[in-house]
Amino acid sequence: MNKEIIENILLTLINEFKKDEEEKYNAVSNTIYSIHKSFLYEEELKTNRLNEIFSKIKIIIEKVKNEMKKFPPQFCIFDVVNLQRHENYNSNLLAKFLKINIENEGTELSFVKDFLIYLNDKFKWGYYGLKNIEELEEINHLDIKIKREEYAGSRRIDLFISYKKDFAIIIENKIYAGEQDNQLDDYYQNKKKDNYKNLYMIFLTPSGYEPYTLSEKSKKELGNNFQTLKHSDIALWLENILENEKYSFLHDSNILFKDNDNKYIKDYRLLKSAIIQTIHNANMISNNTKELDMTKSKIQELLEANIFKDIQTVEDAEEYRKIFTSVIDIINQKQIHIIVKPHIEFTEKVLEYLKNNDKSKYYIFLTERKIINDIYQEGYSHNIKYSFCNGEVELILESSKDCFFFIFTCII
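Residues 274 to 685 in our numbering are what the sequence shown spells out, letter by letter.
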């Protein structure tokens, strides 16, 4: 085979190879272009779908707002002054109600005893170890101790009710803030040492969810003596008081009393008003108000007219569920961002002061994103931790969904 023939064969092979590679390249390019075009088309469909859904949602929201205008105006003082979900004030309010003791026509009317009876009937607590309901009712109101911020080691219990050594009730009130490590377990283990004949625990929350800081061992020991309670249950207890015949005098505009030659008026309108406002507030915390029920009914009606007709399969329902879940999650994050903004601004001022005036560097701080994420995930955030006295004492600037405050912690 001569040189010319060999060269021609090689050139032919090279050309064929190039041609083959070019075809492969073109095929790959066409495939990529097709995929990209398909992706853009699907994204356009999704965008159009979302726009269609959100336009319908906007219509629903406007119609619900217009429908709500037809309802009587709702006024909650706690909401107006931004104290609706403040746990400390909420616990103070509950403690104040429990301490109410009224003498009426020779009869002692004790709110705390009514509360104990309400809990006993609801949870079947066997009259707290007493013989019967009569013995419970005969307890002297002053012998029942109602304490706020009761010490349990280094911790403090929101509300503690006790009667001599016969029984005690631990009440932990949670609205926004998350649980601290081993919080409920520490409460129980500490108060167990006080040797009450009967020890009970209530976890009070907006929805009645189960805690995660009470160990299985402690739960087993407590048994039925541990219960969850919703804020709407507090509302129900107060509603029972308003409806109880023995408290009928609360509904009188005023009551004229005579004491020898003196006349005076007992006016219970303020107490009744406080009870009504607290009932409304507790129901709002638990999303259990009549106006919310009416709103849900209207939303149901509008959804059926505007969106439910598009939901014909499980896949359709799942698509809408994912969209609404994502929307709720995004709105919750936005809400927290708005709430926490002044907290972060204050934290930055404290941090700036520390940087300019404290060269010890005995402090750590979180970024804005970390603070927001912690509050969203845990319900609270330790914005700044400052150590002094050789690290034996900590001062913590903490944020929650409804406030920011300082906490002193002794490490000793």
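Where is the CB? At the ideal position from N, CA and C, for every residue including glycine.
Remember, it's a predicted structure, so these values are computed and weren't measured experimentally.
Just so you know, the alpha carbons of GLN606 and GLU641 end up roughly 13 angstroms apart. Taking a cut-off of 8 angstroms for Cβ pairs, the segment 471-490 and the segment 429-446 touch, as three or more such pairs fall below it. Under the 10 Å beta carbon count, VAL354 is surrounded by fewer than 16 other beta carbons and is classified as exposed. Counting along the chain, PHE619 sits inside the alpha helix (DSSP H) bounded by residues 587-630. The Cβ neighbour count for ILE406, taken over all protein chains shown within 10 Å, is under 16; the residue is labelled exposed. Distance from the CA of TYR449 to the CA of GLY379, rounded to the nearest whole angstrom, comes to 42 angstroms.
Within the model, the alpha-carbon separation for LEU409 versus ASP416 is close to 12 angstroms.
Annotation for GLN456: the continuous alpha helix (DSSP H) segment containing it runs 456-465.
Between the C-alpha atoms of GLU381 and HIS359 there is a straight-line separation of about 32 angstroms.
A distance of 8 angstroms or more separates the beta carbons of ILE558 and GLU512. Distance check between ILE645 and each of LEU515, LEU627, ASN629 and HIS616 places HIS616 closest, using alpha-carbon atoms only. C-alpha of TYR593 to C-alpha of ILE332: approximately 17 angstroms in a straight line. Counting along the chain, ALA508 sits inside no beta strand (DSSP E); it lies in the alpha helix (DSSP H) bounded by residues 504-516. Proximity to LYS420 across LEU487, ASN413, ILE601 and GLU445 peaks at GLU445, based on C-alpha coordinates. Annotation for LEU366: THR551 place their beta carbon closer than 8 angstroms to its own, counting only its chain and skipping 5 residues before and after. Cβ-Cβ separation between LEU495 and TYR460: approximately 11 angstroms, too far for a contact (criterion under 8 angstroms). Of the other Cβ atoms in all chains shown, 16 or more fall within 10 Å of the Cβ of ASP506; this residue is therefore buried. One Cα belongs to PHE433, the other to ASN560, and the distance between them is close to 26 angstroms.
A direct Cα-to-Cα measurement between TRP510 and ASP583 gives close to 43 angstroms. Counting along the chain, ASP387 sits inside no beta strand (DSSP E); it lies in the alpha helix (DSSP H) bounded by residues 384-396.
Distance from the CA atom of TYR401 to the CA atom of LEU457, rounded to whole angstroms, is 21 angstroms.
DSSP places ALA425 in no alpha helix (DSSP H) but in the uninterrupted beta strand (DSSP E) bounded by 417-425.
Its Cα nearest to that of ASN498, the residue GLY399 stands out among GLY399, ILE373, ASN363 and LYS628. A distance below 8 angstroms separates the beta carbons of ALA425 and ASN463. Within the DSSP bridge table, the entry for ASN471 names PHE440 as partners. In summary, LYS386 is buried, with 16 or more beta-carbon neighbours lying within 10 Å of its beta-carbon over all protein chains present. Per DSSP, the unbroken beta strand (DSSP E) holding ASN374 starts and ends at 374-377.
Counting C-beta atoms within 10 angstroms of its own C-beta, ASN339 has fewer than 16 neighbours from the protein chains shown and is therefore classed as exposed.
For the set ILE430, LYS658 and SER435, the Cα lying nearest the Cα of ILE412 is the one of SER435.
Taking C-beta atoms as the reference points, PHE388 and ILE373 fail to come closer than 8 angstroms. The Cβ atoms of SER488 and LYS503 do not sit closer than 8 angstroms to each other. Judged by their CB atoms, ILE514 and ILE548 are nearer to each other than the 8 angstroms cut-off. Ranked by Cα distance from ASP394, the first of GLN357, GLN500, PRO484 and LYS336 is GLN500. Inter-residue distance for LEU403 and ALA578 is about 57 angstroms (C-alpha atoms, whole angstroms).
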